[in-house]
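Structure first, commentary second.
Number of protein chains: 2
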Amino acid sequence: MTTVDPEVRTPQQVVGAWLERFNAALDAQDADAAADLFATACFWRDLVALTWNLKTVEGPEGVRDMLTHTLATARPRDFHVTEEPTEADGLVEAWLEFETEGGRGQGHLRLRDGRAWTLLTALRELKGHEEHRGSARPAGAEHGINPERRTWLERRINEAEELGHTTQPEVVIVGGGQGGIALAARLRQLDVPTIVVDRHARPGDQWRGRYKSLCLHDPVWYDHLPYIKFPENWPVFSPKDKIADWLEMYTRVMELNYWSSTEATSARYDEDAGAWEVTVVRDGTALTLRPRQLVLATGMSGKPNQPSFPGQDVFAGEQHHSSAHPGPDAYAGKRVVVVGSNNSAFDICGALYEVGADVTMVQRSSTHIVRSATLMEIGLAALYSEEAVANGVTTERADMIFASLPYRIMHEFQIPLYEQMRERDRDFYDRLERAGFEHDWGDDGSGLFMKYLRRGSGYYIDVGAADLVADGRVKLAHGQVDHLTRDAVVLADGTELPADLVVYATGYGSMNGWAADLISQEVADRVGKVWGLGSDTTKDPGPWEGEQRNMWKPTQVPALWFHGGNLHQSRHYSLYLALQLKARAVGIATPVYGLAEVHHTG
Amino acid sequence: MTTVDPEVRTPQQVVGAWLERFNAALDAQDADAAADLFATACFWRDLVALTWNLKTVEGPEGVRDMLTHTLATARPRDFHVTEEPTEADGLVEAWLEFETEGGRGQGHLRLRDGRAWTLLTALRELKGHEEHRGSARPAGAEHGINPERRTWLERRINEAEELGHTTQPEVVIVGGGQGGIALAARLRQLDVPTIVVDRHARPGDQWRGRYKSLCLHDPVWYDHLPYIKFPENWPVFSPKDKIADWLEMYTRVMELNYWSSTEATSARYDEDAGAWEVTVVRDGTALTLRPRQLVLATGMSGKPNQPSFPGQDVFAGEQHHSSAHPGPDAYAGKRVVVVGSNNSAFDICGALYEVGADVTMVQRSSTHIVRSATLMEIGLAALYSEEAVANGVTTERADMIFASLPYRIMHEFQIPLYEQMRERDRDFYDRLERAGFEHDWGDDGSGLFMKYLRRGSGYYIDVGAADLVADGRVKLAHGQVDHLTRDAVVLADGTELPADLVVYATGYGSMNGWAADLISQEVADRVGKVWGLGSDTTKDPGPWEGEQRNMWKPTQVPALWFHGGNLHQSRHYSLYLALQLKARAVGIATPVYGLAEVHHTG
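Here the protein sequences line up with chains C and W, keeping their order.
Position 105 (the first sequence) corresponds to 1139 in my numbering; numbering is contiguous.
Position 311 (the second sequence) corresponds to 1345 in my numbering; numbering is contiguous.
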C-alpha cells in the first residue's frame, strides 16, 4: 500500500501529491495502484466519463473493478486542479479537470488523511464534437459572395420541413415539458437531429393547464434551464404561467424541432433497421418516425395513478385526478373531498378553501411536511440562493457540488438539516399533530429530498395550507376509501363524506408505465422500475442501486432512455444523456460499465 | 491651488488621496475646491446623477459651474473605489461608487499627475425605488391563505385589460423596436406604467420585414438587451429573424404592455391636464391615451429619406426605398439601379448580384468602408468580444468604459485604430480606388464610429459586397440622379442607367421628423435636430454639444423624449432615460442642469 508523505502539508501539496500518483497509476493502467489511493470507505461517482453510464462504485475494490474494465478504452488522464484546493475539518477539497481518450471532463475530489474519500468524474464534451458556443459560436452572417446563399431562416425552415419527412431524426423525445425541452436544446447544440413530440397545442401547456394557483415549490436558482438563465427579476417561486411562457420562448429561440399537438401512439424497435418505428399523430395525421434512439420524457409526475373504487360509476358529482383539476373557481360553496395528503392535495385544498368550498382531506398515509421558508433557508441556501450566487456558487457549480455527494451517504448530510427544521418549527408540528395529522420525516429522518430521490412522493412543502388542516378549516379524515355512493365518499371505517366533487390526489406511477403504453408491457418489464435508489425504505425497495434507477443512462432495453425529474435534474443530467446520445450518433464506442440489473418491474 | 503630495505613490494611494479631498470639497459644498482637483484639460461626464441630464462639462471652470448649480440639491458624496485602482502610462484609473441625495451611482475616474482628467458619474438607482431583482426579486408564490388571492396571471391579465382604458399609463413609447422594448423593460422593473405602441403585427416585425439577407453588423457582445443576455450559442452577427424572435420572446417574458398593430396618429400636449393626448388606432379602433411622458423610439434609422426626382411618375418599373426592399428573390435577371453607396446599398447590391440581377450602384458621395473582420478585431475586440468577456470586461463594464471616454476627445482614440485598419487592408482599398470608388475615413480620419455618432450615415461595414464593386461585377456610376425615364435612371452627367427596379438607399432623416408627423412642425422645430455631436464635420454642424443631441435626455419640449440608437445605446442609455422618467413619475425634483439649446431644426 502506498504510504502518505507526512511532510506534505498545504491543501495544494496534498492534492498535488495525490494527483501525481493517481495520474501515474492511470497512465500505467494500474488499477491496483489507483485503487490504493482511495480510503477504505470511499465513493467514485462517474458520470459518463469512464463508464458510459451514471455509476457510483464503493471502496477500493469497487474502484479497482471499474478501472480494470474501463482503463484500456477510456484512458483517463491528466487530472489537474482548476483552482486552489481548500481544507476544512480535515477534509481537503479540489476542483479538477481531466481528459479521456474521447473527451474532456470536470471533477471534484475530497481527500481525508491523504486518501480519496469521494471522487466525481463528469464528462463535459466529446473531442471533435464540442458545442458551438462562446468563441466557437456560429458567425450568423456568411460574409463574401455566394450565389447559393441560404439565409439562416431559409435553412431553419428547410430543416423543419424535411426532418421527420424526407430525413429521419437521430432521436425522438416523447414529452415536451421542461425535461424534453432541456434535452432537445443540448442535442441541438451537439448537432444531433432531434424531434420532440408533445400532445399539447403549445410548449408550456403542460403547466398552463394545471390548477391556477400552482407555483414551483423550488426556487429560481434551482430551476434554470441550460444556456439561458432566468433573469434576475424572475420570481423566487415561478408561477405556472410564467414557466409556461418561458418554456415556449426557449423552445423558439433555441430553435428546437418541437412538434406540438402530436401524440406518440405506438413504438416498436426494428432490429433489422436498427431503429425505432414511432407512430405519431400530428394535428390529426398519422406518420412514422424512425429514430435510432427513443427518449421518454413524459414526466416522473406525468402518469397519473387513477384509483379504482366501487361506486365511482354511481357517484353523481364530479371526480377527477389532481392532474386534471382546473382550479377552484367553479367550486365555491361546494362540498369537496380530496383523497390524498401530499403536495397536490394541500395546494388544491388551500385554493378550494380560499374560494369558500367546504373541503375535506382524506389522509391515507403519513406525510412529510416542511415549511417552504425553512426549507429554503436550511435546506437549499448554501447551494441555490442569491447568497450562494454572490459567494461564487453559480447554479452550475452548485450542481457539481450536489453531484459530488454520493447517494449512499447523502442522508447522513440531510438528517441534521431536518433536525434543525424540526426544532425551528416545533410549534407548527405540534399544532399539526394536535389536529390529528400524521406526519413523518422519512424512514430515517432524512427528510424531503431523500424522499424525492427514493420515491418521488410523500411530502408537502408548506406554503400555507397546512395551517388550514391544523386549525380545522380544512377538515381531516383518515383511512382508505372503501366506495363511493351517489353523493358521498365512504371510508373503510364507515365514515361518510358528502361530496359534490372528489379530487384524487393519488400521485403518479413509475415512468416505465409510459413504455408499457407506448411500446409493450414486455419492454416495460425489461426496463423495470424507473426512479428510486434501492434504499430499502418505503416505496423504494432494495437492493441498493447507487444511482437513480434507469434515469438518464442506459437501460436493459438498448436505445430506450428515460429523462426527467425536477428542473435541476432536467438541466444537469440532460448534459450526460445528450453526450451519450451524441456518441452513439457519431459511432463513438460506448462500452457500458455496470449496467444496472432489473429487480422490480414497476 | 491644491498641491499634490509627492510621497503618494501607489495607484491606491493616489486615488485615495484624491477622493479624500474630493469628498471633503463636496461635503463642504465647495465647488472651487472640487474644481481645483481637476486638470486644466479635463472632462466630467454626468449621466443623470447630478445634472438630471446627460452632460459633459470641460475644464475646471466647467466643473465649477456644474457643481455650483447642482451641489445643493444633488449632494453627491461618499465617492469610494470598488476595486483596486490601476496605473498605466502615467494614467491612474479607478472604478467608483457614490451616493447622491436621491440615488446611488457608479463612476470611473482617470487621474494624471494627481489631478482628474476624466470623471464619469452615472446614476444606477433611486433610493426607495430600487428595482425588484436579485435578492429583492418578487416571491412569485404568495404563501399563506388569502380569499382575495389573485394569481400572477390574473393580475397580469387585469393590468393589461385596464391599462390604457380605465387607467392611464405614465409613459407611452411610440415604436416597439429594440429601443422601445429595452426602455419598456427598464420602466416595468421600476414600476412605471408604460404602453409601447407599434404599427407592426408582432414584436420583431420591424426586423422580419427587412431584406432577407440582413444580419446585424455589430457583434453579439455589443447587442445584448438589458436583463437577459443572448445565450453563448447565439451567432456573432445575428440574422434578422433571430433578432426578431428574440425581441418577441423578450417582450413576452418581461411582460411588457406592448400594443401591436397600433398606430399613433397624433399627439398634443394638454397643458391644463399636464399630460399628452395621444390618439392611437389599435386594430382599427381609435382611442386616446393620456400619458404624462411621451417617448419617440421610432428609430434613428426609421424615417426614410424618400427622394423626389422628376420622372418617378413615368418610370414603368418598380421603385422603392431601401427600407421597403423585400430582398432579391423576385429580381433574378432584372436590371437594378441602387441609388446610394452606404450599408443598405451594399447589402442590397450584394444580395441582388447573388441571384443573378444586373446591378448598378450610383455613388452620390464618398463612403467610408471598413471590413467587418478588421473592425471587430481592431475596433471592438478590447471591449466587446469573447476575449473581452474572458478578461472580465462584461458587456456592462464595457458600456461604462466606453461611456467614460468624452466625446470631445474620442476621435483621438479612434484615429490610430483606423490607421491600423487602413494599413492592414491596404490591398483592399487600392482595388476599390482602382475601380473608381470614392472612399474616405471621415473628415478627420476617425472612421466609422465617429461617423455614426456624428451623422449616423456615410459608411459600409464590408461583409463581401465591396469586392463586387472593386472587380466590376456590380457596376458603379457616379453623380446625382437628374430624372427618371420610362425605363431608366438618368444622372446629372447624362449617363442613362436602364432599370427594371430602382432602389433608393438614400438613408433616413432626423428623428424630430417623427415629432413633426405626430405632433406638429412647431414642436419638431422647438426640439430641433436629433442626433449628432455638433462636431462641425460633414452633416454634423456645430456648435459643439458634448453629448448626442436630444437623445435620452430632456429636450426643449417638456415631457417629450427621444430614445433609440444601436443595440448598445438602447441597452445602456435606456437606464438613464428610465430613471429620469421614474423620478418624474414619483415626483422627485429633477432640476436640469445645462439643458441644450437648439441650433438646427432638422
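For every residue, glycine included, the Cβ atom is placed at its ideal position computed from N, Cα and C.
Being a predicted model, the structure only gives us computed values, none of them experimental.
- Pairing residue 1352 of chain C with residue 1374 of chain C, the inter-Cα distance amounts to about 17 Å.
- Just measuring C-alpha positions, the residue of C:1096, C:1565, C:1109, C:1618 sitting nearest residue 1135 of chain C is C:1109.
- DSSP places residue 1578 of chain C outside both helix and strand once states are collapsed to three, so it counts as coil.
- Of W:1551, W:1121, W:1595, the smallest CA-CA separation from residue 1337 of chain W is found for W:1551.
- A Cβ-Cβ contact shorter than 8 Å links residue 1257 of chain W with residue 1250 of chain W.
- Judged by DSSP in its simplified three-state form, residue 1257 of chain C adopts helix.
- Within chain W, the C-beta atoms nearer than 8 Å to that of residue 1271 of chain C come from 1173, 1174, 1175, in chain order.
- Pairing residue 1608 of chain W with residue 1237 of chain W gives a Cβ-Cβ distance that is not under 8 Å.
- In this structure residue 1077 of chain W is buried. Its beta-carbon is surrounded by 16 or more other beta-carbon atoms within 10 angstroms.
- Only residues of its own chain outside the window of five on either side were considered, and among them 1503, 1504, 1505, 1506, 1510 have a CB closer than 8 Å to the CB of residue 1469 of chain C, listed in chain order.
- When C-beta distances to chain C are compared with 8 Å, the residues of the region 1396-1412 of chain W below that value are 1406, 1407, in chain order.
- Under the Cβ criterion of 8 Å, residue 1179 of chain C is counted among the residues facing chain W.
- The beta-carbon distance between residue 1512 of chain W and residue 1402 of chain W, rounded to whole angstroms, is 17 Å. This is too long to meet the 8 Å contact definition.
- Membership of residue 1125 of chain C in the beta strand (DSSP E) is indicated by the continuous run 1125-1133.
- For the region 1179-1209 of chain W, residues whose beta-carbon sits nearer than 9 Å to a beta-carbon of chain C comprise 1179, 1180, 1181, 1182, 1183, 1185, 1186, 1187, 1188, 1190.
- From the beta-carbon of residue 1497 of chain W, the residues of chain C found nearer than 7 Å are 1175, 1177.
- It is roughly 19 Å from the alpha-carbon of residue 1204 of chain C to the alpha-carbon of residue 1598 of chain C.
- Sequence-distant partners of residue 1553 of chain W (beyond 5 residues in either direction) whose C-beta falls short of 7 Å from its own C-beta, in its chain, are 1301, 1302.
- The residues 1118, 1119, in chain order, have a CB closer than 7 Å to that of residue 1046 of chain C in the same chain once the five nearest residues on each side in sequence are set aside.
- Residue 1084 of chain C is classed as buried because its beta carbon has at least 16 other beta carbons within 10 Å across all chains shown.
- Closest option to residue 1574 of chain C, judged by alpha-carbon separation, among C:1559, C:1489, C:1601: C:1489.
- Contact between residue 1461 of chain C and residue 1406 of chain C does not hold, since their C-beta atoms are separated by about 16 Å, which reaches or exceeds 8 Å.
- Against chain W, the CB of residue 1220 of chain C has no partner CB under 8 Å away; the residue lies outside that interface.
- In the DSSP assignment, residue 1175 of chain C falls outside any beta strand (DSSP E), carrying neither H nor E.
- Taking C-alpha positions only, residue 1253 of chain C is separated from residue 1175 of chain W by approximately 10 Å.
- Taking C-beta separations shorter than 7 Å and ignoring five residues to either side along the sequence, the partners of residue 1363 of chain W in its chain run 1389, following chain order.
- Under DSSP, the beta-bridge partners assigned to residue 1352 of chain W are W:1535.
- Residue 1567 of chain W is not bridged by DSSP to any residue.
- For residue 1364 of chain C, there is no enclosing beta strand (DSSP E), as DSSP marks it with neither H nor E.
- Secondary-structure assignment with DSSP links residue 1327 of chain W through a beta bridge to W:1205.
- Your pair residue 1187 of chain C and residue 1501 of chain W does not check out as a contact, with CB atoms roughly 25 Å apart and the cut at 8 Å.
- Residue-level contact check: residue 1383 of chain W does not touch chain C, since none of the beta carbons of chain C fall below 8 Å from its beta carbon.
- Below the 7 Å Cβ cutoff, chain W contributes 1267 as neighbours of residue 1166 of chain C, in chain order.
- Think of a sphere of 7 Å around the beta carbon of residue 1276 of chain C: the chain W residues whose beta carbon falls inside it are 1186, in chain order.
- Residue 1114 of chain W has W:1131 as its beta-bridge partners, per DSSP.
- Judged by DSSP secondary structure, residue 1195 of chain C falls within the alpha helix (DSSP H) whose first and last residues are 1186-1196.
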